[in-house]
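Novice: Below is a structure I'd like to ask you about.
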Amino acid sequence: GYRDNAFERVELIKQLGQRLPDNIRVLQSISFLSADECLKPIKSDILGLAHLFTEDSSTLTKIDFQWKKLHHTIWTETSNTLKLWSEVANYRDATGENPYHDLAEIALTALSLPHSNADVERTFSNMNFVKSKLRNKMKLSTLKAILTIKYGLKRQNTCCASYELPSDILRKIGTVEAYSYKISAREPEPSTLHASSSTVVHTTKRTGMQLLLNN
């Protein structure tokens, strides 16, 4: 009846609140950085967002000043937000300085944050896939390295099976330089180290990054 529907609506509102991020105001502030908004002569205040990244009063003053004069410069990448802020970060005036350095740094930092629960959940899903029950003793540094490689390959639109390692990296595999922290704990036999080195280098040349991501 009516009471059941009311309880269902209340429960639905609770679940909706749980799905929304706690930093919803931060996300609203980030929308000010869009190419359409940030180039308007009259735009929203940027200091609310800037306060989340720095408390230095002089830096905040610079950011506010740079934000207010941003539309005075003629930009070419006005249809894509990320490309626009990349252009702002690389901009140089007649003196070779970037008059928007502080603003661009804050903007790119804010835009690099995950903006939805889906992004965070996707990252945790990949983390659980890499650090499975069979590999529950994996160190955090190894997990971070594998995830960095996975996302790096994705950004380059390439696959681990076809990726070619740089020659200087291949030369280090199996050498004292690459495994010095292990060798200091337990010195292996020279013959064993040599055999391991040649095997790893040969296998890596054959399969690229596949061993690291699939094992």
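Counted the way UniProt numbering counts, the sequence shown spans residues 1 to 215. Note that the Cβ used here is the ideal one computed from N, Cα and C, for glycine as well. These numbers were taken from a predicted model, which means no experiment stands behind them.
Residues in the same chain with beta-carbon distance under 6 Å from V88, minus the five sequence neighbours each way, listed in chain order, please.
Specialist: Here the set comprises Y100 and A104.
Novice: Between which residues of its own chain and R186 is the CB-CB distance below 6 Å, once the five residues before and five after are set aside?
Specialist: With a pLDDT of 47 at R186, under the threshold of 50, the modelled position of that residue is not reliable, and the figure given next carries that caveat. Closer than 6 Å at the Cβ level, and outside the excluded window around R186, lies no residue.
Novice: Would T61 be called buried (16 or more neighbouring beta carbons within 10 Å of its own) or exposed?
Specialist: That one is exposed.
Novice: For I46, which residues in the same chain have their Cβ closer than 7 Å to its Cβ, ignoring the five residues on either side in sequence?
Specialist: So the qualifying residues of the chain are F32, I63, D64 and W67.
Novice: If you count every other CB in all the chains shown that lies within 10 Å of the CB of S162, and 16 or more means buried, which is it?
Specialist: Classification of S162: exposed, given that the 10 Å Cβ count is below 16.
Novice: Specify, as a first and last residue, the run of the alpha helix (DSSP H) that I46 falls within.
Specialist: From DSSP, I46 is part of no alpha helix (DSSP H); its letter is neither H nor E.
Novice: I want to know whether the stretch 51-58 touches the stretch 72-91 - three or more CB-CB distances under 8 Å.
Specialist: They do not touch, by the three-pair rule.
Novice: How should A110 be labelled, buried or exposed, when 16 other C-beta atoms within 10 angstroms of its C-beta is the threshold for buried?
Specialist: By the 10 Å Cβ count, A110 comes out buried.
Novice: Nearest-angstrom Cα distance between L108 and L82?
Specialist: Distance between the alpha carbons of L108 and L82: 8 Å.
Novice: So for F65, helix, strand or coil by DSSP?
Specialist: Reduced to three states, the DSSP call for F65 is helix.
Novice: Is V130 closer than 8 Å to I146 when the C-beta atoms are compared?
Specialist: Closer than 8 Å, so yes.
Novice: Taking a contact to mean a Cβ-Cβ separation below 8 Å, would you say N98 touches Y91 in this structure?
Specialist: In this structure, Y91 lies closer than 8 Å to N98 by Cβ.
Novice: Classify N126 as helix, strand or coil using the three-state DSSP reduction.
Specialist: N126 falls in the helix class under three-state DSSP.
Novice: Which value, in whole angstroms, describes the spacing of the CA atoms of F7 and I13?
Specialist: Distance between the alpha carbons of F7 and I13: 10 Å.
Novice: Which two residues bound the contiguous alpha helix (DSSP H) that contains S75?
Specialist: Rather than Ser, the amino acid found at residue 75 in this sequence is Trp. Unbroken run through W75: none, as it is neither H nor E.
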